[in-house]
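I have placed the structure first, in the form of structure tokens, so that the comments after it can refer back to it.
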Amino acid sequence: MTGRGTHGDRRRQARGRGRRAEALAALFLVCKGYRIVERSFRTRGGEIDIVALRGKTLAMVEVKYRARKADAAWSITPAQRRRIALCARGFIAAHPRFAGHYIRFDAVLMAPWRPPTHLRDAWRC
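Per our numbering, the very first residue in the sequence shown carries number 16; after that it's consecutive.
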């Protein structure tokens, strides 16, 4: 036994870290004046980690936790951005009261022992 755990164990641990990072990111956004509308909004095509509202701006927030923040920033691929944009359309379709809001795509980058970094308007679709 190498003590490294199974692939399933590592995957469960990563999911747990991701959920904790999303909870911390949500708290961070609330402290910045955002209201969390929904967490982990899913469609067939993907997921939005956090949907947050501030004024008339609805932020679709991707949370990334990596050993280094630079790695977190680079881990949001163009394909993932497209999936998040499709999810955003699904969110608006499911919640038409937000149809008149400005939609923005943000990221919260997290790394161990570092404060979160909020990238407003991290990309455009």
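Each residue gets a CB set at the ideal place from its N, CA and C atoms; glycine is no exception.
A quick note: this is a predicted structure, and the numbers were derived from the prediction, not measured.
Status (buried if at least 16 other CB within 10 Å, exposed otherwise) for residue i
i	result
A108	exposed
Y117	exposed
A38	exposed
A36	buried
M16	Because M16 sits at a pLDDT of 47, beneath the cut-off of 50, its placement in the model cannot be relied upon, and the point is left open.
A103	buried
Own chain residues within Cβ distance below 7 angstroms of residue i, not counting five before or after
i	result
S55	E62, D64
F106	F56, I63, V66
F113	L73, I107
R83	A126
Proximal residues to residue i (C-beta, below 8 angstroms), its chain only, five neighbours per side dropped
i	result
A137	E77, I91, F120, D121, A122
L134	A88, D121, A122, V123, L124
G33	V78, Y80
Integer Cβ distance of residue i from residue j, believed to fall under 8 angstroms
i	j	result
L101	G60	5 angstroms
R81	A126	6 angstroms
A85	K79	That pair is no contact at about 11 angstroms.
P131	F43	5 angstroms
C140	R96	7 angstroms
DSSP bridge partner residues for residue i (one or two, in chain order)
i	result
G61	T58
A67	I51, A74
Sequence-distant residues of the same chain with beta carbon closer than 6 angstroms to residue i, five excluded per side
i	result
R98	G60, G61
Y49	A67, R69
I51	A41, A67
Contact the segment 110-125 vs the segment 69-76: 3+ CB pairs below 8 angstroms
Three or more beta-carbon pairs separated by less than 8 angstroms link the segment 110-125 to the segment 69-76, which places the two stretches in contact.
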